[in-house]
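Trainee: Sequential numbering of the sequence shown, starting at 1, is according to UniProt numbering.
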Amino acid sequence: MEITNAHLPASARFGFWAELVSDQPARMRLTSAVASRDFVARASLTQAGPVRVAWFRSPPAHLSRTWADVRADDPGVYQLMFVTGAPLWIEQRRQDSGLVHGALAMFDLSEPFRGDVPDRGHDTEVVIAQIPHDVLPLPVDRARRALAVPLAASGVGGVLADLMTSIRAHGADCAPRELERMGRMTADLAGAVIARRLDAYGQLPVQTRQDVMLARILGFIDANLADPRLGPAAVAGFHHLSLRALHALFRQQDGGTVAAVIRRRRLERCREDLADPRLDALPVAAIGARWGLGHPQGFSRAFRTMFGMAPGEYRRAARTGKHPRTGR
1 MEITNAHLPA SARFGFWAEL VSDQPARMRL TSAVASRDFV ARASLTQAGP
51 VRVAWFRSPP AHLSRTWADV RADDPGVYQL MFVTGAPLWI EQRRQDSGLV
101 HGALAMFDLS EPFRGDVPDR GHDTEVVIAQ IPHDVLPLPV DRARRALAVP
151 LAASGVGGVL ADLMTSIRAH GADCAPRELE RMGRMTADLA GAVIARRLDA
201 YGQLPVQTRQ DVMLARILGF IDANLADPRL GPAAVAGFHH LSLRALHALF
251 RQQDGGTVAA VIRRRRLERC REDLADPRLD ALPVAAIGAR WGLGHPQGFS
301 RAFRTMFGMA PGEYRRAART GKHPRTGR
């Protein structure tokens, strides 16, 4: 769901936005020093199983929630933010995050909080994972130790930030079952990031740790698809796993083989490139080689098997405006 107030008269935009924010997913209060000027804002919401991923872009504003708000409406939800726009800060439980930018931070809607964007010259932009208390794989009393604390968007935190951003960008094209899985993976990764911050990673459930390892591996695969040397041995070696342990993890968690996952993701990248008119000057074989599929006949055969037509046919069909059905 995409939402904006840009279509409203300028005088009505802030009031509309303040009412929207006050109900997503619980009552909050929004004020802004620029409310009297042109307050154009945008948001999107994607339901990924038990987790809702929200994206907001708006002029600077101050957000707060009081005990009266909590008593009136307590959804039992954490708000985990990845901040990419103007730096912001949050305060909760007498903890102040300081300015957060390019990093993660979390607050709990079951307690009062305050948040603000001091920079009045730039829009704030955040991707938020709204995670119910009972979905995060950590007890509430432990998770609350990480409220209003900056969390690095690197390592596992980087995988988490990438997943949240991908759900926001591509969730509309995913099936409900895929979104369910990505939502639960988001919660598991959030639990891992928080547990590492609290030096409590070993206390996470075994299943969560396996999910986190799989997410790290898939992130590594995506980052190295263009390397023709990428294969099960390279993946296992980078993550200090035996090939047997790697294959067992994929059988338990993904239901496929490592090689099949690598091939599928390479073919998906090729499909995206073939649909991009800016890359028309690249021959079909060069598209395959660009993503580690250097044997033209093998690339064409694998693409036809996965998508039901040869790469050249797909490219021509994509140019007609009658976008072909793809995937199985």
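The beta-carbon is built from N, C-alpha and C at its ideal position, and this holds for glycine as well.
Nothing here was measured: the structure is a model prediction, and the numbers come from that model.
The alpha helix (DSSP H) spanning ARG209 covers which residue range?
Mentor: First-last of the alpha helix (DSSP H) with ARG209: 206-223.
Trainee: According to the neighbour-count rule (16 or more other Cβ atoms, all chains shown, within 10 Å of its Cβ), is ARG328 buried or exposed?
Mentor: Unreliable positioning characterises ARG328 in this predicted model, as indicated by a pLDDT of 38, which lies under 50. A coordinate reading is not provided.
Trainee: Quick check: the region 210-222 against the region 167-176, are there 3 or more CB pairs under 8 Å?
Mentor: Too few Cβ pairs lie closer than 8 Å, so no.
Trainee: Please classify GLY98: is it buried, with 16 or more other beta-carbons within 10 angstroms of its beta-carbon, or exposed?
Mentor: Exposed, by the Cβ-count rule.
Trainee: Per DSSP, what kind of secondary structure is ARG328 in: helix, strand or coil?
Mentor: At ARG328, the pLDDT of 38 sits below 50, so the modelled position is not reliable; the number obtained from the coordinates is stated separately. DSSP places ARG328 in coil when its eight states are reduced to three.
Trainee: If we count the other Cβ atoms within 10 Å of its Cβ and call it buried at 16 or more, is GLN297 buried or exposed?
Mentor: Its Cβ having fewer than 16 others within 10 Å, GLN297 is exposed.
Trainee: Going by C-alpha to C-alpha distance, which of ALA129, ASP162 and HIS62 sits closest to PHE113?
Mentor: Cα-wise, what sits closest to PHE113 is HIS62.
Trainee: Going by DSSP, name the residue or residues bridged to PRO58.
Mentor: Looking at the sequence provided, one finds Ser at residue 58 rather than Pro. BP columns for SER58 point to THR124.
Trainee: Round the Cβ separation of SER22 and PRO59 to the nearest angstrom and send it over; I've been treating them as touching at under 8 Å.
Mentor: Not a contact, Cβ separation roughly 17 Å.
Trainee: Would you decide whether GLN130 is buried or exposed? Buried here means 16 or more other CB atoms lie within 10 Å of its CB.
Mentor: Burial call: buried.
Trainee: Since ASP188 contacts THR208 with CB under 8 Å, what's their CB separation in whole angstroms?
Mentor: With 8 Å as the limit, ASP188 and THR208 qualify as a contact, their Cβ atoms being about 5 Å apart.
Trainee: Which of the three DSSP states, helix, strand or coil, is assigned to GLN24?
Mentor: Residue state, collapsed to three classes: coil.
Trainee: Which term fits GLN79, buried or exposed, when burial requires 16 or more other beta carbons within 10 angstroms of its beta carbon?
Mentor: Looking at its Cβ environment, which holds 16 or more other Cβ atoms inside 10 Å, GLN79 is buried.
Trainee: If you compare alpha carbons, which of LEU198, ASP199, ALA192 and ARG197 is closest to PRO205?
Mentor: Residue ALA192 is the option with its Cα nearest to PRO205.
Trainee: From ARG29 to PRO139, what distance separates their C-alpha atoms?
Mentor: Distance between the alpha carbons of ARG29 and PRO139: 28 Å.
Trainee: For ALA35, tell me which candidate among GLN47, ALA18 and GLY85 has the shortest Cα-Cα distance.
Mentor: Closest option to ALA35, Cα to Cα, is ALA18.
Trainee: Between the region 251-271 and the region 230-239, are three or more C-beta pairs nearer than 8 Å?
Mentor: Segments in contact, yes.
Trainee: For the putative contact between PHE82 and ALA161, defined by C-beta atoms under 8 Å, what is the C-beta separation to the nearest angstrom?
Mentor: Indeed they touch by this definition, with Cβ atoms about 5 Å apart.
Trainee: Where does GLY288 land, buried or exposed, given buried means 16+ other C-beta within 10 angstroms?
Mentor: Result: buried.
Trainee: If you follow the alpha helix (DSSP H) that ALA233 is part of, which residue opens it and which one closes it?
Mentor: Unbroken alpha helix (DSSP H) run through ALA233: 232-238.
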